[in-house]
Amino acid sequence: MPGPLKLSELCRILNEVGLPAQIEGADCAVRAVNTLEAAGDSDITFLSNPKYTNFIASTKASAIIAKDGVETPSSLSVIRCRDPYGAITMVIVHLHGHRKHPKWGASRAGAFIDPTATIGEEANIAPGVTVAANVVIGKRCTLYPGCYIARGARLGDDCVLFPNVVIYEECELGNRVTIHAGSVIGEDGLGYAPQGEKWIKIPQVGRAVIGDDVEIGANCTIDRATLGTTEIGAGTKFGNVIVIGHGTKIGPDCMFVGLVGVAGSVTVGKHVTMAGQVGVAGHLEIGDGASVGAQSGIVGNVPAKATLLGSPAIPMDSAKRSMVLVQRLPEWANRVRELERELQELREQIGANGKA
Amino acid sequence: MPGPLKLSELCRILNEVGLPAQIEGADCAVRAVNTLEAAGDSDITFLSNPKYTNFIASTKASAIIAKDGVETPSSLSVIRCRDPYGAITMVIVHLHGHRKHPKWGASRAGAFIDPTATIGEEANIAPGVTVAANVVIGKRCTLYPGCYIARGARLGDDCVLFPNVVIYEECELGNRVTIHAGSVIGEDGLGYAPQGEKWIKIPQVGRAVIGDDVEIGANCTIDRATLGTTEIGAGTKFGNVIVIGHGTKIGPDCMFVGLVGVAGSVTVGKHVTMAGQVGVAGHLEIGDGASVGAQSGIVGNVPAKATLLGSPAIPMDSAKRSMVLVQRLPEWANRVRELERELQELREQIGANGKA
Amino acid sequence: MPGPLKLSELCRILNEVGLPAQIEGADCAVRAVNTLEAAGDSDITFLSNPKYTNFIASTKASAIIAKDGVETPSSLSVIRCRDPYGAITMVIVHLHGHRKHPKWGASRAGAFIDPTATIGEEANIAPGVTVAANVVIGKRCTLYPGCYIARGARLGDDCVLFPNVVIYEECELGNRVTIHAGSVIGEDGLGYAPQGEKWIKIPQVGRAVIGDDVEIGANCTIDRATLGTTEIGAGTKFGNVIVIGHGTKIGPDCMFVGLVGVAGSVTVGKHVTMAGQVGVAGHLEIGDGASVGAQSGIVGNVPAKATLLGSPAIPMDSAKRSMVLVQRLPEWANRVRELERELQELREQIGANGKA
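Heads up: the protein sequence lines correspond to chains A, B and C, in order. Numbers 1 to 356, taken from this note's numbering, label the letters of the first sequence in order. Numbers 357 to 712, taken from this note's numbering, label the letters of the second sequence in order. Numbers 713 to 1068, taken from this note's numbering, label the letters of the third sequence in order.
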């Protein structure tokens, strides 16, 4: 851990990265970042989600990052900043640093590396890794135990594969790709031709290509294409247990939360966000900047910047109105029954009137 | 297998653990437990779910555990007990026993154990396990092949990690924790600060803490916290492919069925049950004893003992009424159309009357 | 790759397997199969999904497989066939072949094989595989690194287990079973007896049995039975992250898309298809040939050949009608409000009339 820093030093760093910040109160030194509730002496904390405002009064932190206007006790030093979440990110980086991986050394004892593989300088390969024929591993890659890199796969520089990640043959990772434990890249998709009630296997001769700076959570599965490529665009971030079908192309800078499933041959634009457990049917197009609420089911093309919800998904405002009405259906049913009753009464009254 | 036991012996065991039981019919010896359909001679079976009552007449078992009042053929010996499910559990334990793990011996040949790790007495570590620096493994733990225990992680006594389980750095398991194959504890969550359309990685410096007697299914993923801890309370049981977000705290004695996803910073009370494919949005609180039906989506705080269903989830009774009404919407739409027609008729008639 | 073939040769092959086909245009040689968009010179492509018809004009392929009546540019040689999808499958098989697995040789160096295990002829076992006591591995099986085959498990002939597949004790695989990376067969299900708020573990003494010609995707989990067997029928194909509960029996020739969850003690017939993220509650029966739409939740028995959708699932036609009506609920609510207003007006008018 890089050790304690003074608030003035942190402000200097924040200003440098384009996050203007000023100290309010004493310029103390802080050692670590922590939550409002868990922070102690010489910790710095932050308020980003207003939900947690009432924890400020009782926090034991020495300093806090907050927006202008947020009230703080006089005992707390404050860094004022318009983007507390962005600011605390930088502070975590500077106070705690990124993960340090073990160094398994150059001997590669215990790893099974095919002699035809090309391993970049300073690649850090653990015991229990298997690297198959004709694989290319970039410089400074870190491969944890249990990873399997199949024939002809290529990893760029500075990739990190956590334990038990499997890369199927011919798949390709860009630079600085991080894949968490247990994820699988390039397995065969559900490619079968029906013959009566039997399913005839279609060899899945395509591959999967993962762009630069992609981070993939744990236990995800990304099919190889039947033909051509499945693609995950540069800078895209996946949560855990994301399932991507064969031939699907996800654009750059997307973010998918856990348990999202996208069927095959889907094209997703850039900077699309999908919340947890969303499902997307096959052969669709999702426009740039679209945003999909949790548990939604996408069954048609989605225009750019659309915000959808529901299964089947529709524009979020409409979906929310419908969801409220669904919950009130018993009341609406009663109103319809009442109308029927009143109309009947009226009809009888008029019949009477008519007679009269 | 501990071998055959007489029904009188089983009754003695059941009475001892607080499950009063009496024999009806001959005191035969039984060798194994089986289902009503599959049981054969010298097997003992049980009726717990009334759905299977009609299989009693044709079962080939020698004995059955059933409640008072359940009719059984005279050829069957019966153990009468108010809680047949609890009783058969004890009988399975005594007739079949719990799983016996392989014994890999003290040599630890083929395992990669860092010299700074502390390994408890009688720990049973398979070839192909990696134990990193400063790890502490408790007494009598069993680690199957392919497990990876990262730097500084701590396991209590009597833990069982099935093959390919990954514990990230600094995470902590209590005593008697069982984790099934392929599950991952303490991977980074989806922690990024948006900067324009880019996502800036927030180092995930917290950890995950798993309580005593927790059992976790296969291929689950439990994020480490960004700051502080993700927690799974003592005695909680998870099915397969459960996804828990960073900083979420699950209380003790909960039960989650497969494919449940809980976002980050959620607080779940004690003895909460979630059925399959439930999703919970971030930053919520779920009260003690709450129960959530399959495929529900929780989007607000949940009071203690609430029973919810639907996406978005509402109290189960209301949700069921709404679901029935949704299925009958075509009929309700027709009733509204009919009202419109009749009202129009009536209006014309009155217009006519008016004229008249 | 088996190398280039002439279209006339491909037609001969197609006719032989019962897919009548004729050439239209020049009998050129083709080297590879590719999509309409990505195909280049000496590639053969196909049109199966009419959605892609407009790509035909611009494809750079040398040949195409298409139905009668599909218009194609004169520059393209055409194979006419009633089933282009089935035909291209055969063409991929003949031009590209199925995956070639690495050959790890007979020495089995680096694998941990118990001396009591029986290994079939020409079994291909990678370093880093563990085969426990009393396991039987059939002829010509391929086991990739990181697989774990527990005590007493049995694999038929010609099985392929990709990296990090785990087979728990006593489970059984038929012939020609393929399991993709990270899947787990036979882990314990959620078997606990409640005792107050505690959960008492029920030893899961059953097992899982996988039929001939089953293919299972990546990171699936198939519970062993509490008693008896969990079964996956011959010829059934699973996508990724399928979760099958204990004691469930899936029939032959089914197809389940990704993220499907089936609870315990369910019986599924033959040739049942379930789309992505479907959930099935416990103890149900799903009839032969049933088909379930994406994200559906099955909560009751399903008759043979039923086509269902929704959560809870109902016949697909009704579900679609209800879904459309749900989306239009704001409009229907307005119509009910309007009826109430008009009825009130009418009542006042009649009251006035009455007075008059």
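All C-beta atoms in this analysis are idealised placements derived from N, C-alpha and C, irrespective of residue type, glycine included.
Listed from N- to C-terminal order along the chain, which residues in the stretch 1036-1053 of chain C have their beta-carbon within a distance smaller than 7 Å of any beta-carbon of chain B?
Leu-1037, Val-1038, Trp-1044, Arg-1047, Val-1048, Leu-1051
Give a yes or no on whether the minimum CB-CB distance between Lys-711 (chain B) and chain A is below 8 Å.
Position 355 of the second sequence, counted from the start, is the residue given in the question as residue 711 (chain B). Its pLDDT being 46, under 50, Lys-711 (chain B) is placed unreliably by the model, and the measurement read from it follows with that caveat. No, no contact with chain A.
At which residue ranges does the stretch 390-443 of chain B contain complete beta strand (DSSP E) runs of 3 or more residues, listed in the order of the chain?
399-402, 419-422, 433-437
Using a Cβ-Cβ distance under 8 Å, would Tyr-441 (chain B) count as near chain F?
Checking the listed chains, one finds no chain F in this structure; the protein chains it contains are A, B and C.
Measure from the alpha carbon of Ser-736 (chain B) to the alpha carbon of each residue in B:Ser-433, B:Ala-506, B:Asn-390, B:Thr-401, then state which is nearest.
Past the edges of chain B, shown from 357 to 712, lies residue 736 (chain B), and the structure says nothing about it.
Quick check: is the beta carbon of Gly-931 (chain C) nearer than 8 Å to any beta carbon in chain B?
On the third sequence, residue 931 (chain C) is found 219 positions in, with the first residue counted as 1. Checking the sequence shown, residue 931 (chain C) turns out to be Asn, not Gly. With a threshold of 8 Å between beta carbons, Asn-931 (chain C) makes contact with chain B.
Secondary structure at Glu-122 (chain A), three-state DSSP: helix, strand or coil?
Against the first sequence, residue 122 (chain A) aligns to sequence position 122. In the structure shown, Glu-122 (chain A) sits in coil (DSSP, three-state: anything other than H, G, I, E or B).
Within 8 Å of any Cβ in chain B, is that where the Cβ of Thr-267 (chain A) sits?
Within the first sequence, the letter at position 267 stands for residue 267 (chain A). Closer than 8 Å: no.
Looking at the C-beta of Leu-340 (chain B), does it have a partner C-beta in chain C at a distance below 8 Å?
Here chain B has residues from 357 to 712 only, and residue 340 (chain B) is not among them.
Quick check on Val-1036 (chain C): buried or exposed, where buried means 16 or more other Cβ atoms within 10 Å of its Cβ?
For the purposes of this step, residue 1036 (chain C) is taken as the residue at position 324 of the third sequence. It is exposed - the Cβ of Val-1036 (chain C) has fewer than 16 other Cβ atoms within 10 Å.
Checking contacts by CB at 8 Å: is Ile-928 (chain C) closer than that to chain B?
As a first step, residue 928 (chain C) is located in the third sequence; it is residue number 216 there, counting from the start. It does not; no Cβ of chain B falls within 8 Å.
Which residues of chain A have a Cβ atom closer than 7 Å to the Cβ of Gln-551 (chain B), listed in chain order?
As a working note, residue 551 (chain B) is residue 195 in the second sequence. Neighbours of Gln-551 (chain B) on chain A, chain order: Gly-86.
Cβ atoms of Val-1014 (chain C) and Leu-1021 (chain C): under 8 Å apart, would you say?
Residue 1021 (chain C) sits at position 309 when you count from the first residue of the third sequence. Residue 1014 (chain C) sits at position 302 when you count from the first residue of the third sequence. No, the pair does not count as a contact, with Cβ atoms beyond the cut-off.
In chain order, what residues of the same chain have a beta carbon less than 6 Å from the beta carbon of Val-1004 (chain C), not counting five sequence neighbours either side?
Position 292 of the third sequence, counting from 1, holds the residue named residue 1004 (chain C). Around Val-1004 (chain C): Met-986, Val-990, Leu-1020.
Give, in chain order, every unbroken run of the beta strand (DSSP E) that is at least 3 residues long and sits entirely within the stretch 932-957 of chain C.
Counting whole runs of 3 or more residues, the stretch 932-957 of chain C contains the beta strand (DSSP E) stretches 941-944.
Hey, out of C:Gly-988, C:Phe-874, C:Thr-842, whose CA is closest to Ala-821 (chain C)'s CA?
As a first step, residue 821 (chain C) is located in the third sequence; it is residue number 109 there, counting from the start. For Ala-821 (chain C), the nearest C-alpha among the options comes from C:Thr-842.
Is there at least one Cβ from chain C nearer than 8 Å to Pro-115 (chain A)'s Cβ?
Taking the first sequence and counting its residues from 1, the one referred to as residue 115 (chain A) is at position 115. Not an interface residue.
Under 7 Å between beta-carbons, which chain C residues line up against Asp-188 (chain A)? List them in chain order, please.
Within the first sequence, residue 188 (chain A) is the residue found at index 188, counting from 1. Ordered by position in chain C, the residues that pass the 7 Å Cβ test against Asp-188 (chain A) are His-892.
Tell me which residues of the stretch 518-536 of chain B have at least one Cβ-Cβ distance to chain A shorter than 7 Å, keeping chain order.
Legend: CB atoms of the stretch 518-536 of chain B lying less than 7 Å from CB atoms of chain A belong to residues Asn-520, Val-522.
Can you give the Cα-Cα distance for Arg-794 (chain C) and Ser-760 (chain C), rounded to whole angstroms?
What you label residue 794 (chain C) is simply residue 82 of the third sequence in a count that begins at 1. What you label residue 760 (chain C) is simply residue 48 of the third sequence in a count that begins at 1. Computed Cα separation, rounded: 10 Å.
What is the residue span of the alpha helix (DSSP H) that Glu-736 (chain C) lies within?
Residue mapping note: residue 736 (chain C) aligns to position 24 of the third sequence, counting from 1. First-last for Glu-736 (chain C): 733-736, but that is the beta strand (DSSP E), not the alpha helix (DSSP H).
Which term fits His-627 (chain B), buried or exposed, when burial requires 16 or more other beta carbons within 10 angstroms of its beta carbon?
As a first step, residue 627 (chain B) must be located in the second sequence, where it is residue number 271. Buried, because 16 or more other Cβ atoms sit within 10 Å of the Cβ of His-627 (chain B).
From what residue to what residue does the alpha helix (DSSP H) around Ala-319 (chain A) run?
Sequence index remark: in the first sequence, residue 319 (chain A) carries index 319 (1-based). Segment 316-327, the alpha helix (DSSP H) holding Ala-319 (chain A).
Who are the neighbours of Asn-405 (chain B) on chain C, taking C-beta pairs under 7 Å?
Here residue 405 (chain B) corresponds to residue number 49 of the second sequence, with the count starting at 1. Proximity of chain C to Asn-405 (chain B) at the Cβ level (cut-off 7 Å) is accounted for by His-995, in chain order.
With a cut-off of 8 Å, does the C-beta of Ile-350 (chain A) fall near any C-beta of chain C?
The count along the first sequence starts at 1 and reaches residue 350 (chain A) at position 350. So, interface residue.
If we define contact as Cβ-Cβ less than 8 Å, is Met-316 (chain A) a contact residue for chain B?
Translated into the one-based positions of the first sequence, residue 316 (chain A) becomes position 316. Met-316 (chain A) does not count as touching chain B.
Answer yes or no: does any C-beta atom of chain B fall closer than 8 Å to that of Phe-968 (chain C)?
As a first step, residue 968 (chain C) is located in the third sequence; it is residue number 256 there, counting from the start. No - not a single Cβ of chain B is within 8 Å of the one on Phe-968 (chain C).
When you compare only the Cα positions, how much space is there between Ala-225 (chain A) and Val-491 (chain B)?
Against the first sequence, residue 225 (chain A) aligns to sequence position 225. Against the second sequence, residue 491 (chain B) aligns to sequence position 135. Taking the Cα positions, Ala-225 (chain A) is about 41 Å away from Val-491 (chain B).
Which residues of chain A have a Cβ atom closer than 8 Å to the Cβ of Gly-591 (chain B), listed in chain order?
By one-based count along the second sequence, residue 591 (chain B) stands at place 235. Ordered by position in chain A, no residue passes the 8 Å Cβ test against Gly-591 (chain B), which lies about 24 Å from the chain.
Any beta carbon from chain A within less than 8 Å of Ile-856 (chain C)'s own beta carbon?
Looking up residue 856 (chain C) in the third sequence gives position 144. The sequence as given places Tyr at residue 856 (chain C); Ile does not occur at that position. Chain A, which has a Cβ nearer than 8 Å to the Cβ of Tyr-856 (chain C), makes this yes.
Would the beta-carbon of Leu-807 (chain C) fall within 8 Å of that of Ser-322 (chain A)?
Here residue 807 (chain C) refers to the residue found at position 95 when the third sequence is read from its first residue. Here residue 322 (chain A) refers to the residue found at position 322 when the first sequence is read from its first residue. No; because the gap between Cβ atoms is not below 8 Å, this pair is not in contact.
With 9 Å as the C-beta to C-beta threshold (strictly closer), list the residues of the stretch 952-968 of chain C near chain A in chain order.
The stretch 952-968 of chain C vs chain A, Cβ under 9 Å: Asn-952, Val-953, Pro-964, Asp-965, Met-967, Phe-968.
Would you mind telling me which residues of chain A sit closer than 7 Å to Ser-667 (chain B), beta carbon to beta carbon, in chain order?
As a working note, residue 667 (chain B) is residue 311 in the second sequence. Within 7 Å Cβ-Cβ: Gln-295.
Taking the beta strand (DSSP E) that Leu-1020 (chain C) belongs to, which residues open and close that run?
For the purposes of this step, residue 1020 (chain C) is taken as the residue at position 308 of the third sequence. Run containing Leu-1020 (chain C): 1019-1021, per the beta strand (DSSP E) assignment.
Could you tell me the distance, in whole angstroms, from the CA atom of Asp-869 (chain C) to the CA atom of Trp-555 (chain B)?
To locate residue 869 (chain C), count along the third sequence from 1; it is residue 157. To locate residue 555 (chain B), count along the second sequence from 1; it is residue 199. Their backbone Cα atoms lie some 48 Å apart in a straight line.
Do Ala-126 (chain A) and Glu-543 (chain B) have their beta-carbon atoms positioned less than 8 Å apart in this structure?
The sequence position of residue 543 (chain B) within the second sequence is 187, counting from 1. The sequence position of residue 126 (chain A) within the first sequence is 126, counting from 1. Not closer than 8 Å, so no.
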